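Chemist:
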Amino acid sequence: MALPIRDVIGILADNLDRRGSVIPLSMRQTTGWADGLKIPFGGETVIYTGLMYQLIPSIEALAGWMEKFEGSWISRFIGLGRAVNRVINLSWFLLAGRPEEQKKYDGMLHDIARLLMTAGVKFGYLYGKELYSGALLYDEGVDDVFVRHARRVYRIFKDNGVKHVITLDPHTTDMLKTVYPKFISGYDLEVKSYLEVLAERDLQCASKLDGDVVIHDSCVYARYDGIIDQPRSLLANAGLKLPEPELSGRLTHCCGGPLESLFPGKARQVASKRAGQLAECGQQVVAMCPICLANLKRAADSSVEISDISRFLARAYCPMD
Amino acid sequence: MIKTDYDLAEKIKTGTDFNAAACINCGSCTALCPLGIELHPRMLFRYALMGARDKVMENTEEIFSCLLCKMCEDNCPAGVPIAGNIRALRSYINRDVFRVAKR
Numbered sequence: 000m001a002l003p004i005r006d007v008i009g010i011l012a013d014n015l016d017r018r019g020s021v022i023p024l025s026m027r028q029t030t031g032w033a034d035g036l037k038i039p040f041g042g043e044t045v046i047y048t049g050l051m052y053q054l055i056p057s058i059e060a061l062a063g064w065m066e067k068f069e070g071s072w073i074s075r076f077i078g079l080g081r082a083v084n085r086v087i088n089l090s091w092f093l094l095a096g097r098p099e100e101q102k103k104y105d106g107m108l109h110d111i112a113r114l115l116m117t118a119g120v121k122f123g124y125l126y127g128k129e130l131y132s133g134a135l136l137y138d139e140g141v142d143d144v145f146v147r148h149a150r151r152v153y154r155i156f157k158d159n160g161v162k163h164v165i166t167l168d169p170h171t172t173d174m175l176k177t178v179y180p181k182f183i184s185g186y187d188l189e190v191k192s193y194l195e196v197l198a199e200r201d202l203q204c205a206s207k208l209d210g211d212v213v214i215h216d217s218c219v220y221a222r223y224d225g226i227i228d229q230p231r232s233l234l235a236n237a238g239l240k241l242p243e244p245e246l247s248g249r250l251t252h253c254c255g256g257p258l259e260s261l262f263p264g265k266a267r268q269v270a271s272k273r274a275g276q277l278a279e280c281g282q283q284v285v286a287m288c289p290i291c292l293a294n295l296k297r298a299a300d301s302s303v304e305i306s307d308i309s310r311f312l313a314r315a316y317c318p319m320d
Numbered sequence: 000m001i002k003t004d005y006d007l008a009e010k011i012k013t014g015t016d017f018n019a020a021a022c023i024n025c026g027s028c029t030a031l032c033p034l035g036i037e038l039h040p041r042m043l044f045r046y047a048l049m050g051a052r053d054k055v056m057e058n059t060e061e062i063f064s065c066l067l068c069k070m071c072e073d074n075c076p077a078g079v080p081i082a083g084n085i086r087a088l089r090s091y092i093n094r095d096v097f098r099v100a101k102r
């Protein structure tokens, strides 16, 4: 039995509307990555995580549950789950407790912040005031909930005097760059992905890297926002060779991630196909979207190592402590 | 027999950029789709333009299966905003059929 689309979307919409994120996270989970970095609060230029990296361990746990429910009689009770979730946050019970995974994704955010600091970018962070961008609800077409939320996010930026936003993943980048302006009159934030910001700077390599790395382009970066050359120039400048897989750049193949919450089986099929294309090209693969990263990792065989691009960039450009 | 709702396309357009009139029914979208022949945007758009509400609803799973990856849209010879149209169909279903946001 397929998962009930209305009820699954309903739970995500309720969470966003009532709790500020499709999967509510604790303050520790959302801001713990910044420990020790001494990033000031707020300012005209801020780094905006949109909680995407922080959400991945919970999204992986959710996908695991959805895969179990898909085809099971339990899926009939997801509607009841929605009613209960309106009163009691079920995420705390179902999706809690993956500290090792959380640490890995926190490390990626830590690396990205260090890269920006190394590049001489002055930025702040809104810490606990940050909210999820609402990307999933926009994609699923729950427009009224999404628009209400987007206005709330924008208001937080304006109330804190933010003018420039540095985003860290493709989905959040596209939301703030392209989608929010369609729904918010007078929208005036300047938005750039950290990859664009780094590529504009004359970054010097602290230690040259060697070897081949296969880039998996994110559909959103490549086809929605045209961010294709920046990751290539940063990795090539670090000394890496970049063999191109079957379907790359503007023709990149999806990782299957967008189907994770409603059709986990189909998501896995698409991810396996893409992971195979990447593996044919090389054993070291980089992704620049946490959703691509998680989905491809789950589908790839053990001979392929899939990492976030920030890992290679931090090794090349950030001086050793 | 297909029942039609003449206002369907207008309802789908409410608050969205739904625009499928330029579709030339060539099938490039399906040929390029990472999901393969499970997804037929040209057929979904035709049903919507015809007002065939029941047919649209029969394809709910296909509509929500789209990856919105824009592989089709980027290569559409007629320049149809396919991903935006699929999102508009979702928006219509959530708002007028599922009533997802009902409090």
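In order, the protein sequence lines correspond to chains H and Y.
Residue numbering for the first sequence follows numbering that gives the first Met the number 0, starting at 0 and increasing by one per position.
Residue numbering for the second sequence follows numbering that gives the first Met the number 0, starting at 0 and increasing by one per position.
Beta carbons are placed, not taken as given, at the ideal position from N, Cα and C, and that holds for glycine.
Small disclaimer: the values here were computed from a predicted structure and weren't measured.
Does DSSP put Ser90(H) in a helix, in a strand, or in coil?
Modeler: Start at 1 with the first residue of the first sequence, and residue 90(H) comes out as number 91. Ser90(H) falls in the helix class under three-state DSSP.
Chemist: Assuming Leu135(H) and Val21(H) make a contact with CB atoms under 8 Å, what is their CB distance in whole Å?
Modeler: Along the first sequence, one-based indexing puts residue 135(H) at 136. Along the first sequence, one-based indexing puts residue 21(H) at 22. That belief holds up - the Cβ atoms of Leu135(H) and Val21(H) are roughly 5 Å apart, short of 8 Å.
Chemist: Give me the DSSP bridge partner(s) of Gln283(H).
Modeler: For this step, residue 283(H) is matched to residue 284 along the first sequence. Gln283(H) pairs with Glu304(H).
Chemist: Judging by CA-CA distance, which residue of Gln276(H), Glu59(H) and Gly35(H) is the nearest neighbour of His215(H)?
Modeler: For this step, residue 215(H) is matched to residue 216 along the first sequence. Of the candidates Gln276(H), Glu59(H) and Gly35(H), the one whose C-alpha sits nearest the C-alpha of His215(H) is Gln276(H).
Chemist: Could you tell me the boundaries of the beta strand (DSSP E) in which Ser192(H) lies?
Modeler: Counting from one through the first sequence, the residue named residue 192(H) turns up at place 193. Segment Glu189 to Ser192, the beta strand (DSSP E) holding Ser192(H).
Chemist: Let me check understanding here. Comparing Cα to Cα, which of Gln283(H), Tyr126(H) and Pro318(H) lies closest to Ser301(H)?
Modeler: Translated into the one-based positions of the first sequence, residue 301(H) becomes position 302. Minimum Cα distance to Ser301(H) is reached at Gln283(H).
Chemist: Does Ala100(Y) come within less than 8 Å of chain H when only Cβ atoms are used?
Modeler: Indexing the second sequence from 1 puts residue 100(Y) at position 101. Output row for Ala100(Y): interface = yes.
Chemist: Compute the distance between the beta-carbons of Tyr137(H) and Val83(H), then report whether it is under 8 Å.
Modeler: What you label residue 137(H) is simply residue 138 of the first sequence in a count that begins at 1. What you label residue 83(H) is simply residue 84 of the first sequence in a count that begins at 1. Cβ distance not < 8 Å, so Tyr137(H) and Val83(H) don't count as in contact.
Chemist: Using a cut-off of 7 Å between C-beta atoms, extract the partners of Ser90(Y) located in chain H.
Modeler: Taking the first residue of the second sequence as 1, we reach residue 90(Y) at position 91. Correct list: Gly140 and Asp142.
Chemist: Determine the contact status of Asp105(H) and Trp32(H), defining contact as a CB-CB distance below 8 Å.
Modeler: Numbered from 1 along the first sequence, position 106 holds the residue referred to as residue 105(H). Numbered from 1 along the first sequence, position 33 holds the residue referred to as residue 32(H). In contact: Asp105(H) and Trp32(H) (Cβ atoms closer than 8 Å).
Chemist: So if DSSP puts Val45(H) in a beta bridge, which residue, or which two residues, is it bridged to?
Modeler: Numbered from 1 along the first sequence, position 46 holds the residue referred to as residue 45(H). Val45(H) is bridged to Gly123(H) and Val164(H).
Chemist: Does chain Y have any CB closer than 8 Å to the CB of Val269(H)?
Modeler: To locate residue 269(H), count along the first sequence from 1; it is residue 270. Closer than 8 Å: yes.
Chemist: Restricting to runs no shorter than 3 residues, where is the beta strand (DSSP E) found entirely within the region 198-245 of chain H?
Modeler: You should have 213-215.
Chemist: Tell me the rounded alpha-carbon separation between Phe40(H) and Leu239(H).
Modeler: To locate residue 40(H), count along the first sequence from 1; it is residue 41. To locate residue 239(H), count along the first sequence from 1; it is residue 240. Roughly 35 Å separates the two Cα atoms.
Chemist: In chain H, which residues lie with their C-beta within 8 Å of the C-beta of Ala59(Y)?
Modeler: Your numbering for residue 59(Y) matches position 60 in the second sequence. One point to set straight first is that residue 59(Y) is Thr, not Ala, in the sequence displayed. Per Cβ cutoff of 8 Å: Ile4.
Chemist: What are the boundary residues of the alpha helix (DSSP H) that includes Trp64(H)?
Modeler: Residue 64(H) sits at position 65 when you count from the first residue of the first sequence. Trp64(H) -> alpha helix (DSSP H) spans Met51 to Phe68.
Chemist: Along chain H, in chain order, which residues have C-beta atoms closer than 7 Å to that of Arg52(Y)?
Modeler: Taking the second sequence and counting its residues from 1, one reaches residue 52(Y) at position 53. Near Arg52(Y) there are no residues of chain H at all, since even the closest Cβ is about 16 Å away, more than 7 Å.
Chemist: Rounded to whole angstroms, what's the CA-CA distance from His163(H) to Asp110(H)? Just pull it up for me.
Modeler: Counting from 1 along the first sequence, the entry for residue 163(H) is found at position 164. Counting from 1 along the first sequence, the entry for residue 110(H) is found at position 111. Answer to the nearest angstrom: the Cα atoms are 20 Å apart.
Chemist: Tell me the rounded alpha-carbon separation between Ile1(Y) and Thr13(Y).
Modeler: Residue numbering aside, residue 1(Y) sits at position 2 when the second sequence is read from its first letter. Residue numbering aside, residue 13(Y) sits at position 14 when the second sequence is read from its first letter. Answer to the nearest angstrom: the Cα atoms are 23 Å apart.
Chemist: Are the beta-carbon atoms of Val152(H) and Ser184(H) separated by less than 8 Å?
Modeler: The residue labelled residue 152(H) in the question sits at position 153 within the first sequence. The residue labelled residue 184(H) in the question sits at position 185 within the first sequence. For Val152(H) and Ser184(H), no; Cβs fall outside 8 Å.
Chemist: Can you list the residues of chain Y that Pro257(H) reaches, using a CB-CB cut of under 9 Å?
Modeler: To locate residue 257(H), count along the first sequence from 1; it is residue 258. In chain order: Cys65, Leu66, Leu67 and Cys68.
Chemist: Can you confirm whether Pro40(Y), when its beta carbon is compared against all beta carbons of chain H, has any partner nearer than 8 Å?
Modeler: In the second sequence, residue 40(Y) corresponds to position 41, counting from 1. False, the Cβ-Cβ gap to chain H never drops below 8 Å.
Chemist: With 16 as the cutoff for other CB atoms within 10 Å, does Asn24(Y) come out buried or exposed?
Modeler: Taking the second sequence and counting its residues from 1, one reaches residue 24(Y) at position 25. Classification for Asn24(Y): exposed.
Chemist: Measuring CA to CA, which of Asp211(H), Arg5(H) and Thr117(H) is closest to Ile92(Y)?
Modeler: Sequence index remark: in the second sequence, residue 92(Y) carries index 93 (1-based). The candidate whose alpha carbon is nearest that of Ile92(Y) is Arg5(H).
Chemist: At a Cβ threshold of 8 Å, is Tyr104(H) touching chain Y?
Modeler: Translated into positions along the first sequence, residue 104(H) becomes position 105. Chain Y, which has no Cβ nearer than 8 Å to the Cβ of Tyr104(H), makes this no.
Chemist: Buried or exposed for Ser247(H), going by 16 or more other Cβ atoms inside 10 Å?
Modeler: In the first sequence, counting from the first residue as 1, residue 247(H) sits at position 248. Classification of Ser247(H): buried, given that the 10 Å Cβ count is 16 or more.
Chemist: Taking Cβ-Cβ distances below 7 Å as the criterion, which residues of the region 202-230 of chain H are in contact with chain Y?
Modeler: Within the region 202-230 of chain H, the residues whose Cβ lies closer than 7 Å to some Cβ of chain Y are Cys218, Arg222 and Tyr223, listed in chain order.
Chemist: Which residues of chain H have a Cβ atom closer than 9 Å to the Cβ of Gly14(Y), listed in chain order?
Modeler: Position 15 of the second sequence, counted from the first residue, corresponds to residue 14(Y). Those are Asp142, Asp143 and Val146, listed as they occur along chain H.
Chemist: Since Phe40(H) sits in a beta bridge, which residues does DSSP pair it with?
Modeler: As a first step, residue 40(H) is located in the first sequence; it is residue number 41 there, counting from the start. In DSSP, Phe40(H) forms a bridge with Tyr124(H).
Chemist: Cys288(H) versus chain Y: which residues are under 9 Å apart at the beta carbon?
Modeler: The residue you call residue 288(H) lines up with position 289 of the first sequence. Result: empty, since nearest Cβ-Cβ is about 12 Å, beyond 9 Å.
Chemist: Going by beta carbon distance, what residues of the same chain come within less than 8 Å of Ala21(Y), once the five residues before and after it are set aside?
Modeler: Here residue 21(Y) is taken as the residue at index 22 of the second sequence, counted from 1. Here the set comprises Ala77, Gly78 and Val79.
Chemist: Is Arg249(H) close to chain Y, meaning its C-beta is less than 8 Å from at least one C-beta of that chain?
Modeler: Locating residue 249(H) in the first sequence gives position 250, where the first residue counts as 1. By this cut-off, Arg249(H) is an interface position.
Chemist: Name the residue from Pro230(H), Leu2(H) and Ser90(H) whose alpha carbon lies nearest to the alpha carbon of Lys67(H).
Modeler: Position 68 of the first sequence, counted from the start, is the residue given in the question as residue 67(H). For Lys67(H), the nearest C-alpha among the options comes from Leu2(H).
Chemist: If the cut-off is 8 Å on Cβ atoms, which residues from the region 182-198 of chain H count as contacting chain Y, listed in chain order?
Modeler: So nothing in the stretch comes that close.
Chemist: Does any CB atom of chain H fall closer than 8 Å to the CB of Asn84(Y)?
Modeler: Translated into the one-based positions of the second sequence, residue 84(Y) becomes position 85. Cβ-Cβ to chain H under 8 Å: no for Asn84(Y).
Chemist: Check whether chain H comes within 8 Å of Leu34(Y), counting only Cβ atoms and requiring the distance to be less than that.
Modeler: Counting from 1 along the second sequence, the entry for residue 34(Y) is found at position 35. Closer than 8 Å: yes.
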